[in-house]
Amino acid sequence: MKTWLLLLAAILTEVTASVSLKAAQTHPIWYPLVVLGYVASFYLLSRVLRLGLGLGVAYGIWGATGVALTALASVLFFGEPLTPLMIGGLILIIAGVLVVELGSQRAHGAAERAAAAVTTSAEAPTEAPA
Numbered sequence: 240m241k242t243w244l245l246l247l248a249a250i251l252t253e254v255t256a257s258v259s260l261k262a263a264q265t266h267p268i269w270y271p272l273v274v275l276g277y278v279a280s281f282y283l284l285s286r287v288l289r290l291g292l293g294l295g296v297a298y299g300i301w302g303a304t305g306v307a308l309t310a311l312a313s314v315l316f317f318g319e320p321l322t323p324l325m326i327g328g329l330i331l332i333i334a335g336v337l338v339v340e341l342g343s344q345r346a347h348g349a350a351e352r353a354a355a356a357v358t359t360s361a362e363a364p365t366e367a368p369a
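Under the numbering used here, the residue at position 83 of the sequence shown is numbered 322, and the numbers go up by one with no gaps.
1. Taking Ile300 and Val357 to be in contact with their CB atoms under 8 Å, please state how far apart those CB atoms are, rounded to whole angstroms.
2. Which stretch, first to last residue, makes up the alpha helix (DSSP H) that contains Ile300?
3. Taking three-plus beta-carbon pairs below 8 Å as touching, is the stretch 243–251 in contact with the stretch 288–307?
4. Give the C-beta separation of Ala256 and Ser280 to the nearest angstrom, bearing in mind that I take them to be a contact with Cβ-Cβ under 8 Å.
5. Secondary structure at Gln344, three-state DSSP: helix, strand or coil?
6. State the CB to CB distance for the pair Ala297 and Val254, rounded to an integer number of angstroms; the pair is presumed to be in contact (CB under 8 Å).
7. How should Val278 be labelled, buried or exposed, when 16 other C-beta atoms within 10 angstroms of its C-beta is the threshold for buried?
8. Give me the residue from Ala355, Ala350, Lys261 with the minimum Cα distance to Leu315.
9. State the start and end residues of the unbroken alpha helix (DSSP H) segment that holds Gly291.
10. Could you round the C-beta distance between Leu321 and Ala334 to whole angstroms and report it? I think they count as a contact, below 8 Å.
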């Protein structure tokens, strides 16, 4: 649970930094929040990795969710358009991350089963030749 909360915090700080970067184009006072947001995001992402979440999964979720939330924030805060084609692209990004996550879970399950099989065979008594 802690891993996922840290990942959520990493995503939200990255989105905050990205939205602030757009705002800083016309109001430079936002630049400190840009720097702070990106530094905090990468720090939190590194903590997530230290807790054991795989890089591909963590970065995929962080990146895809960040892209989707930043796109939505740009519509809300800056009135930028969000076309049906863009929505389709966001759906594809999110679907891709879900497929990577499912593949990761399947790979971990296979690795655990293989490790259990090795452990079981190593514990089995061997018969002495007659």
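For each residue, glycine too, the CB sits at the ideal point set by N, CA and C. Just so you know, these numbers come straight off a predicted model, no measurement behind them.
This is what the structure gives:
1. As a working note, residue 300 is residue 61 in the sequence shown. As a working note, residue 357 is residue 118 in the sequence shown. With a Cβ gap of about 31 Å, Ile300 and Val357 do not count as contacting.
2. Stepping through the sequence shown from its first residue, residue 300 is reached at position 61. Residues 294–317.
3. yes
4. Position 17 of the sequence shown, counted from the start, is the residue given in the question as residue 256. Position 41 of the sequence shown, counted from the start, is the residue given in the question as residue 280. Sure, about 6 Å apart at Cβ, within 8 Å.
5. Along the sequence shown, read from residue 1 onward, the residue named residue 344 stands at position 105. Residue state, collapsed to three classes: helix.
6. Here residue 297 corresponds to residue number 58 of the sequence shown, with the count starting at 1. Here residue 254 corresponds to residue number 15 of the sequence shown, with the count starting at 1. Rounded, the Cβ-Cβ distance is 16 Å, inconsistent with contact.
7. For the purposes of this step, residue 278 is taken as residue 39 along the sequence shown, with counting starting at 1. Counting of Cβ neighbours within 10 angstroms places Val278 among the exposed residues, the total staying below 16.
8. For the purposes of this step, residue 315 is taken as residue 76 along the sequence shown, with counting starting at 1. Checking every option, the nearest Cα to that of Leu315 belongs to Lys261.
9. Locating residue 291 in the sequence shown gives position 52, where the first residue counts as 1. Taken as a continuous stretch (DSSP letters only), Gly291 belongs to no alpha helix (DSSP H), as it is neither H nor E.
10. Position 82 of the sequence shown holds residue 321. Position 95 of the sequence shown holds residue 334. About 18 Å separates the two Cβ atoms, so there is no contact after all.
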